[in-house]
Amino acid sequence: MLSPDNPLHLLRVHLGGAILGLPSTSVREIVRAVAITPLPGAPAIVEGVVNVRGELVPVIDVRQRLALPPKPLDPGEFLVLMQVDDRAFALRVDDVDDLVELQGGLLESSASVSPALRGLAGLAPSADGVLVIHDPATFVSQAESEAIDAALSAHP
Numbered sequence: 453m454l455s456p457d458n459p460l461h462l463l464r465v466h467l468g469g470a471i472l473g474l475p476s477t478s479v480r481e482i483v484r485a486v487a488i489t490p491l492p493g494a495p496a497i498v499e500g501v502v503n504v505r506g507e508l509v510p511v512i513d514v515r516q517r518l519a520l521p522p523k524p525l526d527p528g529e530f531l532v533l534m535q536v537d538d539r540a541f542a543l544r545v546d547d548v549d550d551l552v553e554l555q556g557g558l559l560e561s562s563a564s565v566s567p568a569l570r571g572l573a574g575l576a577p578s579a580d581g582v583l584v585i586h587d588p589a590t591f592v593s594q595a596e597s598e599a600i601d602a603a604l605s606a607h608p
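Structure (structure tokens):
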């Protein structure tokens, strides 16, 4: 994902006091938060779905994945629409900041901090704290992805 010779461009977002970095190559678009429709049969990591121009996009509960307390939907929040291979999903975040460039040598492996947190690529220093860098390709497990597909196909 990141090498010392190849910088990573990240979208900085805020969630529950944490600053997250999402690889810009996986970000499709950013929209204001809208009502999220429950998706019966989906894994617990899925908050529900949103309709984006006729496409049902699952909203992944980042708070749950990062062991943050749940929070009701706020109209001031944003949905970051992500695309990884053929999987589209949205992440609900408190705020969207800016694009930053991270040099590979600054990245510290997330396994040294918490190997149990799925979807994290590492940590890096930031002017206003620690940047928690996500790896969207591993944020949803294969089993969760299959369960999401099954729930979407059963959704009217």
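Under my numbering, the residue at position 71 of the sequence shown is numbered 523, and the numbers go up by one with no gaps. All residues carry an ideal CB built from backbone N, CA and C; glycine is no exception. None of these values were measured; they are calculated from a predicted model.
- Beta carbon proximity, R505 to chain C, threshold 8 Å: The chain inventory of the structure shown lacks chain C, comprising one protein chain alone.
- For P492, three-class secondary structure by DSSP: The sequence position of residue 492 within the sequence shown is 40, counting from 1. Of the three classes helix, strand and coil, the one that applies to P492 here is coil, per DSSP.
- Under a three-way DSSP split, which group does Q535 fall into? Taking the sequence shown and counting its residues from 1, one reaches residue 535 at position 83. Note: Q535 maps to strand in three-state DSSP.
- Item | Contact check, A470 vs L531, beta carbons under 8 Å | As a first step, residue 470 must be located in the sequence shown, where it is residue number 18. As a first step, residue 531 must be located in the sequence shown, where it is residue number 79. A470 is not a Cβ neighbour of L531, given a cutoff of 8 Å.
- Query: If we count the other Cβ atoms within 10 Å of its Cβ and call it buried at 16 or more, is A576 buried or exposed?
  - Reply: As a working note, residue 576 is residue 124 in the sequence shown. By the C-beta density criterion, A576 is buried, having at least 16 other C-beta atoms within 10 angstroms.
- Item | Nearest to S478 (by Cα), restricted to the options G493, A606, D546 and D538 | Taking the sequence shown and counting its residues from 1, one reaches residue 478 at position 26. Nearest in C-alpha terms to S478, of all of G493, A606, D546 and D538, is D538.
- Buried or exposed: which applies to L454, given that a residue is buried once 16 or more other Cβ atoms fall within 10 Å of its Cβ? Your numbering for residue 454 matches position 2 in the sequence shown. Because the pLDDT of L454 is 48, which lies under 50, any placement of that residue in the model is unreliable, and the number read from its coordinates should be weighed accordingly. The residue in question, L454, is buried, as its Cβ has 16 or more Cβ neighbours within 10 Å.
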